[in-house]
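Notes to accompany the following structure.
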Amino acid sequence: MKKCPHCDKVLMASILPRCSWCGGDLEEHELRKSREEILERWEKDKKEFEHKKSLEKLGEETRKAFEKSISDRTRFLD
Ligand SMILES: [Zn+2]
Numbered sequence: 028m029k030k031c032p033h034c035d036k037v038l039m040a041s042i043l044p045r046c047s048w049c050g051g052d053l054e055e056h057e058l059r060k061s062r063e064e065i066l067e068r069w070e071k072d073k074k075e076f077e078h079k080k081s082l083e084k085l086g087e088e089t090r091k092a093f094e095k096s097i098s099d100r101t102r103f104l105d
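Basically my numbering = 1-based index in the sequence shown + 27.
Rendered as structure tokens:
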């Protein structure tokens with residue numbers, strides 16, 4: 028965890044070159060670190076979103092297959 032050199036609070040990821048707490052300017056290596064964290068989080072969010080999407084799709088296909096098997100069975104009974 029990176030700390031602000033000005034107020035000594037833990038830095039939050041920010042694309043702005045300043046501390047979210049005291050507004051103090053941050054050095055380039057501190058800024059780059061938070062940019063990397065943001066990019067990592069975006070990448071993670073994107074992966075989770077895609078995973079959720081694929082689960083939803085799978086659920087939809089399962090439901091359709093289930094409904095089809097029900098309707099096939101019903102048709103057979105008719
Ligand atoms: Zn600060």
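Backbone N, C-alpha and C fix where the C-beta goes; we use that ideal spot for every residue, glycine too.
Every value quoted in this text rests on a predicted model; they were computed, and no experiment measured them.
For H114, verify whether its CB is less than 6 Å away from any heavy atom of ligand 1.
Outside the displayed range of the chain (28 to 105) lies residue 114, so it cannot be described from this structure.
Would you be able to state if there are at least three C-beta pairs under 8 Å between the segment 61-77 and the segment 34-41?
Segments in contact, yes.
Who sits around ligand 1, taking every residue whose Cβ is closer than 5 Å to one of its heavy atoms?
Any residue whose Cβ sits closer than 5 Å to a heavy atom of ligand 1 makes the list: C31, H33, C34, C46, W48, C49 and G51.
Assign L85 to one of two classes, buried (16 or more other C-beta atoms within 10 Å of its C-beta) or exposed (fewer than that).
Its Cβ having fewer than 16 others within 10 Å, L85 is exposed.
Would you list the residues sitting across from R45 in a DSSP beta bridge?
Looking at the DSSP assignment, R45 forms a beta bridge with D52.
What are the residues that DSSP puts in a beta bridge with K30?
Paired residues: V37.
Are the CB atoms of H78 and G51 nearer to each other than 7 Å?
No; because the gap between Cβ atoms is not below 7 Å, this pair is not in contact.
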